[in-house]
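Residue numbers (the working numbering): 312 to 855. Working notes, structure below.
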Ligand code: KIV
Ligand code: ZN
């Protein structure tokens, strides 16, 4: 591959999914993986297969269904590499291998911490033991799979000499990609770039492998550090859509791709990503994870291309480049008006959905079409954004245990806000409850609680208009925490509380609110129904 090509390694489904509350169902993971493949990423890190049987299954399903054949609409004819994460333990590596094996291009990604603080307090291993483990486990992984990535966890705080030794050991044992993570988001661009340059200059055999960077955003420097690493010689960037991830998140894919695209003359680097799909990809990930995108987020925020200040508008009218360095169309942010309306047929609707990347058919398509017709009756113009919201709220919800069958609300300043809900439960029976509350949403949620009868705490409630105008669809996102003590454990061995999100869209925001809350409750109920091995907690309590 030409030396100006930067591989995009997307870890939305692994590191991104580690953000509290961003848990996705296996159906959602498959949909995101398909969309990433169409977007043109080179590698999809699909999960941490040793974490639980569910995680293993989700990775294997993606390997089979996204990694094994050409993807329609993908810029490249080759399917993406499918990667599974494994700690430097034989059992983890074996699990990762069986999960990714069905892919045309499988990759095992194994890691161990190298920094003094991790060696001493987490691993309780000295340098020699860490080197020994790297050689053994990278060698073992290589005996299974030809494509091996090795990460030196907390490389940003590892002594440079020891980092050189660790990377040399991994290459000697057969690693084909070497990843340098700034795990805790500690470094600055100059420092991080110098670290990469030092490895390029001092590691024997470094030219025979791909050098990769993986930066966290604790100081808001993830994109800057990643770009500094690429300038210094790295040719793989590890990123997530919208920059989601634990704490302050990972490097945002859209920022790195658009920086390289917009400043091509300066960097002299390119990626295989189709930039016109970035806005849509951002929306999909925000919907399925419940992680809303801040309006001023670079590239994909709602205001990223909005020019409010009079002086800016005047300049823009005279020449767009006065204040705009990228065109909204380049990232797919310009709203397209649907030429479909209430008289359009199911076929035209399905074709447009396919163009937007949603390959749905059969009963799912029937349901979505029914919703489309109902919406087209209420709204004069439908945009692609309306359509995306509709599909997302109907299709990417947890498999429903409870569904909303009816809702009536009385509110205003003349009486107590009252809601009556009709839900269909897992037993197929209809349940009706009424409740009063401090407002219509509170009353609705209390009525739902009366049927579902599970304890939970509402952490976040957010309403947004999808499009402009009084008839716009309203989207609601909620985040709840169950009362149980359950936690899940991340690849790095940290316990996190189970937080669940839900999403609903409707022209009536109280209906959207009810759907969002039910979506989150359904996820909570499903997770509670799983056995403790769902979290892989016992197995993962050990550090890496
Ligand atoms: O941040 C990190 O160190 C990681 C590794 C597992 C690559 O996510
Ligand atoms: Zn990470």
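All residues carry an ideal CB built from backbone N, CA and C; glycine is no exception. Keep in mind it's a predicted model, so treat the numbers as computed, not measured.
Practice task
Taking residue 762 as the reference, give the member of 752, 745, 321 with the closest Cα.
Solution key: 745
Exercise for the section: Pick out the complete beta strand (DSSP E) segments inside the segment 563-642, 3 residues or longer, and give them in chain order. Expected result: none
Practice task
Return yes when the C-beta of residue 528 is under 7 angstroms from any heavy atom of the ligand KIV, and no when it is not.
Solution key: no
Practice task
Report yes or no: do three or more beta-carbon pairs, one from the segment 628-644 and one from the segment 652-667, lie closer than 8 angstroms?
Solution key: When C-beta atoms of the segment 628-644 are compared with those of the segment 652-667, fewer than three pairs fall below 8 angstroms, so the two segments do not count as touching.
Practice task
Spatial neighbours of residue 854 within its chain, please: CB distance less than 6 angstroms, with the 5 preceding and 5 following residues excluded, ordered by chain position.
Solution key: Annotation note: pLDDT 36 at residue 854 (below 50); position unreliable, no value reported.
Practice task
Go through its chain and collect everything with a Cβ distance to residue 661's Cβ below 7 angstroms, but skip five positions before and after it.
Solution key: 676
Exercise for the section: Look at the alpha carbon of residue 319 and the alpha carbon of residue 712, and state the distance between them as a whole number of angstroms. Expected result: 37 angstroms
Problem - DSSP three-state assignment for residue 414, whether helix, strand or coil - result: coil
Problem - Residue of 408, 398, 416 minimising C-alpha distance to residue 392 - result: It is 416.
Handout entry: Own chain residues within Cβ distance below 8 angstroms of residue 792, not counting five before or after
Key = 767, 768, 770, 808, 809, 810, 811
Problem - Own chain residues within Cβ distance below 6 angstroms of residue 751, not counting five before or after - result: 720, 722, 728, 821
Problem - Residues near residue 526 in its chain [Cβ-Cβ closer than 6 angstroms; skip 5 each side] - result: Hits under 6 angstroms: 493, 533, 536, 537, 562.
Practice task
Could you tell me which residues DSSP puts in a beta bridge with residue 744?
Solution key: DSSP lists 732 as partners of residue 744.
Exercise for the section: May I ask you to check if the CB of residue 326 is nearer than 7 angstroms to at least one heavy atom of the ligand ZN? Expected result: Correct: residue 326 has its Cβ closer than 7 angstroms to the ligand ZN.
Practice task
Going by DSSP, name the residue or residues bridged to residue 715.
Solution key: 734
Practice task
Kindly list the residues whose CB is nearer than 8 angstroms to the CB of residue 507, restricted to its own chain and excluding five residues on each side of it in sequence; keep chain order.
Solution key: 491, 522, 524, 539, 540, 543, 544, 545
Problem - C-alpha distance - residue 588 paired with residue 378, whole-angstrom precision - result: 20 angstroms
Problem - residue 813 - DSSP class collapsed to helix/strand/coil - result: Residue state, collapsed to three classes: strand.
Handout entry: Other residues of its chain near residue 331: CB distance less than 7 angstroms, five sequence neighbours each side excluded
Key = Cβ neighbours of residue 331 within its own chain (closer than 7 angstroms, five residues either side excluded): 807, 808, 810.
Exercise for the section: Examine the ligand HEM and report whether any of its heavy atoms sits within less than 7 angstroms of the Cβ of residue 553. Expected result: The ligand HEM is absent from the structure shown, which contains only the ligand KIV and the ligand ZN.
Handout entry: C-alpha gap between residue 465 and residue 579, whole angstroms
Key = Each residue's Cα considered, the two are about 29 angstroms apart.
Exercise for the section: Identify which residue in 566, 336, 571 has its Cα closest to the Cα of residue 612. Expected result: Ranking the options by Cα distance to residue 612, first place goes to 566.
Exercise for the section: Look at the Cβ atom of residue 461, then the Cβ atom of residue 421, and state whether they are nearer than 8 angstroms. Expected result: yes
Exercise for the section: Please state if the CB of residue 419 and the CB of residue 407 are separated by a distance shorter than 8 angstroms. Expected result: yes
Practice task
Work out the CA separation of residue 551 and residue 321 for me, nearest whole Å.
Solution key: 5 angstroms
Handout entry: Residues near residue 530 by beta carbon distance below 6 angstroms, same chain, minus five either side
Key = Cβ neighbours of residue 530 beyond the five flanking positions: 496.
Practice task
Would you check whether the ligand ZN has a heavy atom nearer than 7 angstroms to the C-beta of residue 492?
Solution key: yes
Exercise for the section: Under the assumption that residue 484 contacts residue 449 (Cβ atoms under 8 angstroms), give the Cβ distance between them as a whole number of angstroms. Expected result: 4 angstroms
Exercise for the section: Output the distance between the C-alpha atoms of residue 475 and residue 395, rounded to the nearest integer angstrom. Expected result: 25 angstroms
Handout entry: Member of 519, 358, 583, 328 whose CA lies at the smallest distance from the CA of residue 384
Key = 583
Exercise for the section: Find out if the Cβ-Cβ distance for the pair residue 360, residue 399 is shorter than 8 angstroms. Expected result: no
Problem - Sub-8 angstroms separation of residue 718 and residue 700 beta-carbons - result: no
Practice task
Taking residue 823 and residue 815 to be in contact with their CB atoms under 8 angstroms, please state how far apart those CB atoms are, rounded to whole angstroms.
Solution key: About 4 angstroms separates the Cβ atoms of residue 823 and residue 815, confirming a contact at the 8 angstroms cut-off.
Handout entry: Beta carbon of residue 323 nearer than 8 angstroms to that of residue 557
Key = no
Practice task
State the Cα-Cα distance for the pair residue 314 and residue 617, rounded to the nearest angstrom.
Solution key: 36 angstroms
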